[in-house]
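One structure is given here, and the rest of the page talks about it.
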Amino acid sequence: MQWPQPPRPVNRRRIPAPPLAPLAPLAPLAPLAPLAPLSSNIPQLLVMGTEKRIYRTKNELDERGKIPINYHDILEHRLVIACGPRFKDRRHGPKQRTMEDIRSTSNQRKAQKVYLDILDEDPNIFLPFILQVSEYTCISFNVSQFCQHHQKAAPIRLSIEAKNLLDDIATRRNLLQAPSYKKLVDFFFPRPKPVTTADSDKHWAYSAASLRAIQNFFGDGIYNLIQYGPIRMQEKTPLTTECVRMKLPTKDSQDAFLILDVKLDKELISDLFPRLSDKLFSLLQEHPSDSHTGSSAVNARPECLDNAYFSLHGASIAGVTSNFCLSICQAIEKNQLRKWEKDNMLHDTTDSVTMQVYRTQPHHGTIHLRLSFLESIDILKDLFVPDV
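Residue numbers (UniProt numbering): 1 to 388.
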């Protein structure tokens, strides 16, 4: 059997392709403009973008009055970094730390400094800032440059819901007593100064203090200022004086006042009000005795004469402790106003000690000592209860 033969290939004739036309010469390319270095553009663009996000978040918080839920985790994390203990004070366990841990701690230390600098510059922008600026961004963030362009505005209006959120985080993360956290909360939710009925018509009044008790309680310094003051010299009572009197509030949780009429003493005023003393004595020389003269001016109480005296506030704590006895200093430190002052970072001065200085001659002063209620009861017994 023979196999069939394959078909013979067809002899196809190749047709040559037509010749190509010559290409026209290309025009020379224009030289490209040199590119600006990336290092000079990218950081500036990043900063501008970060600032826009910060102010956008500020407007969002202001409109809503609360912190949206999608920010809660970030808020807690960065609030702990900002308001927690300084990183140099944080102790690490005996376990050996990895390079990643060391790098993370270093970033958080830098972030804490940036966050606190912003808090000091403007507490109003602090929350939007920490919500938009991460620890990593803080490494290269220029706080000085930001502050140069930043313009302070009206405080963000946060609701009680926002305060409850902040307090909840602070309670769980032990931040309630942190000075930076107190500064933040007091800025957005300032507590009013505590009031007392002792500063109104509704109070219990005590006068006719024992002169011997005054000397024993205050010591010779304050006693002599009372005894030789112009008001005391007009009195005829040998054993008691109304130059020392007390006002107790009708509510036992409020502060009391102990009031002293004293002769004008430049050393005492310089100790209590060092920033005001020179100006005060200069003004006294410009106001010689005019409308309220003679015994009528001496016998009148400051509350009875309108514009008859200069009012001195913001007494130096150092001056108070150097001129008043321990019982008075402790009663001042424990009063409600002093607690409020310390919560508001007023550590060196206090309005718990004020003084009214008469404009007319003979110049004399009235000192108001604001005392805690419980301590004032003991002081009342020392000064006003007659010896048995």
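We treat Cβ as the ideally placed atom computed from N, Cα and C, and that holds for glycine.
>> Please classify W174 as buried or exposed, where buried requires at least 16 other C-beta atoms within 10 Å of its C-beta.
In response: Correcting the residue type first, residue 174 is Asn in the shown sequence and not Trp. Exposed, since its Cβ has fewer than 16 Cβ neighbours within 10 Å.
> Just curious, the alpha helix (DSSP H) that R172 is in, first and last residue?
Replying inline: I160 to R172
> Where do the N-terminal and C-terminal ends of the beta strand (DSSP E) with H368 fall, by residue?
Replying inline: H364 to L371
> Who pairs with Q356 in a beta bridge, going by DSSP?
Replying inline: S311 and T366
>> Please return the same chain residues whose Cβ sits closer than 7 Å to the Cβ of D343, not counting the five positions on each side in sequence.
In response: K182 and D186
> Do L264 and G365 come within 7 Å of each other at the CB atom, strictly closer than that value?
Replying inline: Going by C-beta atoms, G365 is nearer than 7 Å to L264.
> When DSSP builds the beta bridges, which residues end up paired with M233?
Replying inline: M233 pairs with nothing; no bridge assigned.
> Which residue spans inside the segment 230–273 form an unbroken beta strand (DSSP E) run of at least 3?
Replying inline: 244–249 and 256–263
>> Just list the residues that DSSP pairs S316 with in beta bridges.
In response: T349
> Can you tell me the Cα-Cα spacing of D122 and Q151, whole angstroms?
Replying inline: 9 Å
> Taking the DSSP output, what are the residues bridged to W204?
Replying inline: L248
>> Going by C-alpha to C-alpha distance, which of I332, L280, Q336 and N335 sits closest to T360?
In response: L280
>> On a Cα-Cα basis, can you pick out the residue from G221, L184 and K251 that is closest to F129?
In response: L184
> Opposite S210 in the DSSP bridges: which residues?
Replying inline: T240
>> Assuming F129 is part of the alpha helix (DSSP H), what are its boundary residues?
In response: F126 to Q132
>> On the DSSP letters alone, give me the boundaries of the alpha helix (DSSP H) that R338 sits inside.
In response: Q336 to D343
>> Taking the beta carbon of L119 as the centre, do at least 16 other beta carbons fall within 10 Å, making it buried, or is it exposed?
In response: buried
> Does the beta carbon of G49 sit closer than 7 Å to a beta carbon anywhere in chain C?
Replying inline: Within the model displayed, chain C is absent; a lone protein chain is all it includes.
> Taking 6 Å as the line, does the beta carbon of F324 fall inside it for any heavy atom of the ligand MN?
Replying inline: Looking at this structure, you won't find the ligand MN or any other ligand, since it has none at all.
> Using DSSP with H/G/I as helix, E/B as strand and the rest coil, what is R97?
Replying inline: coil
>> Given a cut-off of 7 Å on the beta-carbon distance, is the pair residue 390 and I214 in contact?
In response: Look at the range of the chain in this structure, 1 to 388, and you will see that residue 390 is not part of it.
> What is the residue span of the alpha helix (DSSP H) that D73 lies within?
Replying inline: Note, D73: alpha helix (DSSP H), H72 to C83.
>> So, with DSSP's three-state summary, where would you put D117?
In response: helix
>> For L276 and D167, I'd like the C-alpha separation in whole angstroms.
In response: 40 Å
> Taking just the CA atoms, how far does I81 sit from T321?
Replying inline: If I take the Cα positions, the gap works out to 38 Å.
> Got a sec, what are the start and stop residues for the alpha helix (DSSP H) I67 sits in?
Replying inline: Premise fails: I67 is in no alpha helix (DSSP H) and is neither H nor E.
>> Quick check on this structure: which residue in A162, D382, H149 and S311 has the alpha carbon closest to the alpha carbon of L127?
In response: A162
> Which residues in the same chain have their Cβ closer than 8 Å to the Cβ of I317, if we skip the five residues on either side of it in sequence?
Replying inline: H347, D348, T349 and T350
>> By the DSSP assignment, the alpha helix (DSSP H) with Q151 in it spans what residues?
In response: Secondary structure note for Q151: it is in no alpha helix (DSSP H), with a DSSP letter that is neither H nor E.
>> Could you check whether W340 and K193 sit closer than 7 Å to each other, using their CB atoms as the reference points?
In response: Taking 7 Å as the Cβ cut-off, K193 and W340 qualify as a contacting pair.
>> Measuring straight from C-alpha to C-alpha, what distance separates I69 and I160?
In response: Annotation: I69 to I160 spans about 15 Å, alpha carbon to alpha carbon.
>> Taking 8 Å as the cut-off, does the segment 370–379 touch the segment 330–338 (at least 3 CB pairs, one atom from each stretch)?
In response: Under the Cβ criterion (8 Å, minimum of three pairs), the segment 330–338 counts as touching the segment 370–379.
>> By the DSSP assignment, the alpha helix (DSSP H) with D186 in it spans what residues?
In response: P179 to F188
> Cα separation between Q177 and G229?
Replying inline: Distance between the alpha carbons of Q177 and G229: 45 Å.
> What is the residue span of the alpha helix (DSSP H) that Y228 lies within?
Replying inline: Counting along the chain, no alpha helix (DSSP H) covers Y228, and no H or E run does either.
> Thinking C-beta only, is S352 closer than 7 Å to R338?
Replying inline: yes
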